[in-house]
Structure formats: C-alpha cells, structure tokens
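Okay, structure first, notes after.
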Amino acid sequence: MEPVIPDLRATPKSDAYARLAELQAVLLEGSDDVIAGMATTSALLHHAFGHLWTGFYRVVEPDRLLRVGPYQGSLGCLEITFGRGVCGTAAAEQRTVVVPDVHAFPGHIACDGRSRSEIVVPVFGADGRLIAVLDIDSAQLAMFDAVDAAGLERLMTWFRSTRG
Ligand code: SME
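In my numbering, the protein residues as written are 951 to 1114.
Here it is, written out as structure tokens:
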C-alpha cells in the first residue's frame, strides 16, 4: 500500500514532529543517500503542515555558496551566498534561525511574495560538516517557534548517517 502523508496541521506540534520522525525513519530505512533524504523529508514536512515552501539549499562551495536542492512548493531562487538572507545567515552561523516576520529581517530574500515567516535549520553530514540548510516558509506570521526548531533539528540528525 502507498504510504499517505498525514495532515498534521491540527496535531500538537511536538506530537506531529515525533510522528514525522517515525515516518522518516521508516521511509528512509536502508538508505544513506543525501538527495533521497532531502526529497523524502521535504515532501513529508510540506504536506503534513501545508507550508508555502519546504526544501533544502545545499552547500556547493563551503563558506561561500548555497544552491537549491530538493523542495516542494512554489519556485525557489537558485543560489544564495553565505551571509545573505535567512538561509545564508543560518549557513554562515551554523545555527537555526527563526524569523517571525520576514519583512523585519534585514536582507530577507523574497522568492515568494506571500511568505510572512520562516525557519532555517542547518544540516550536518557524517563528518559533522555543514552540507545544507532546510528552509521552510509560511504564509502566516509567526508560524515557527522553539518546538519547530527542536523538531526540525531532530529530523535533520538523519543526515549525520548519510554518505557524501
Ligand atoms: N527567504 C529565503 C530565500 C529562499 S526562499 O524563500 C525559497 C531567505 O531569505 O533566505
């Protein structure tokens, strides 16, 4: 039977992330492929929560350049320099950045004019190197909080056991 992504919009966030971590483990069992992980995880998150944009920007030049990877939603920009926008800030500082109001974030890159709030989480690979950032954009103000940060950081630990 085809697995169906559950709609978790009405589920308390911590329960929702626990459920998604279980699903991620089942769906990716036996895989250590980064792209498979990014594609599957972005589809899970995007459809479970109904966000505007959910996806990855990959580190293609360490400390310098991010390029778009697997994502779901409206079109994303192709490349982001470290230090620019929310994604570039999270990459340069290697920390989760929660932005309750994107219009109040200096240098925010508007790929979709409907975006109102955003969270970006660093993704580390097997050797602890930064390999990507996960970016989620919402049409609602202040959509993301510390529970999202913890839940998403937990989902991103899957990438520590990948190759490449
Ligand atoms: N808003 C992001 C850019 C990426 S997209 O919106 C998909 C940023 O400021 O980093």
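Positions of the beta carbon are idealized from the N, C-alpha and C atoms, including for glycine.
What residue ranges within the region 1027-1082 form continuous alpha helix (DSSP H) runs of no fewer than 4 residues, ordered along the chain? 1035-1043
With distances taken between CB atoms, is the gap from I1080 to M1106 smaller than 8 Å? For clarity, residue 1080 is Leu in the given sequence; the question names Ile instead. Cβ distance not < 8 Å, so L1080 and M1106 don't count as in contact.
Take V1071 as the anchor and find which of T1004, D957, Q1022, A1060 has the nearest alpha-carbon. T1004
Please report the distance separating the alpha-carbon of A1041 from that of L1091. 23 Å
At what residues does the beta strand (DSSP E) containing L1016 begin and finish? 1015-1023
Any idea which residues DSSP pairs F1006 with across the strands? L1084
Tell me whether the beta-carbon of G1075 lies closer than 8 Å to the beta-carbon of T1112. yes
Does the beta-carbon of D1077, which I'm using as the reference point, lie nearer than 7 Å to any heavy atom of the ligand SME? No, since every heavy atom of the ligand SME falls outside the 7 Å radius drawn around the Cβ of D1077.
Leaving out the 5 sequence neighbours to the left and right, which residues in its chain are closer than 8 Å to R1014 when beta-carbon positions are compared? Contacts found: T1031, F1032.
Within 10 Å of its beta-carbon, does S1088 have 16 or more other beta-carbons around it, so buried, or fewer, so exposed? buried
Looking at I1086 and the ligand SME, is the gap between the Cβ and the nearest heavy atom below 7 Å? No, the ligand SME has no heavy atom inside 7 Å of this Cβ.
So D1098 packs on I1069, CB below 8 Å; how close in whole Å? 6 Å
Buried or exposed by the 16-neighbour rule on C-beta atoms within 10 Å, applied to M951: Unreliable positioning characterises M951 in this predicted model, as indicated by a pLDDT of 47, which lies under 50. The coordinate reading is nonetheless provided below. With fewer than 16 other Cβ atoms within 10 Å, it is exposed.
Between the CA atoms of L970 and T961 - distance to the nearest angstrom: 12 Å
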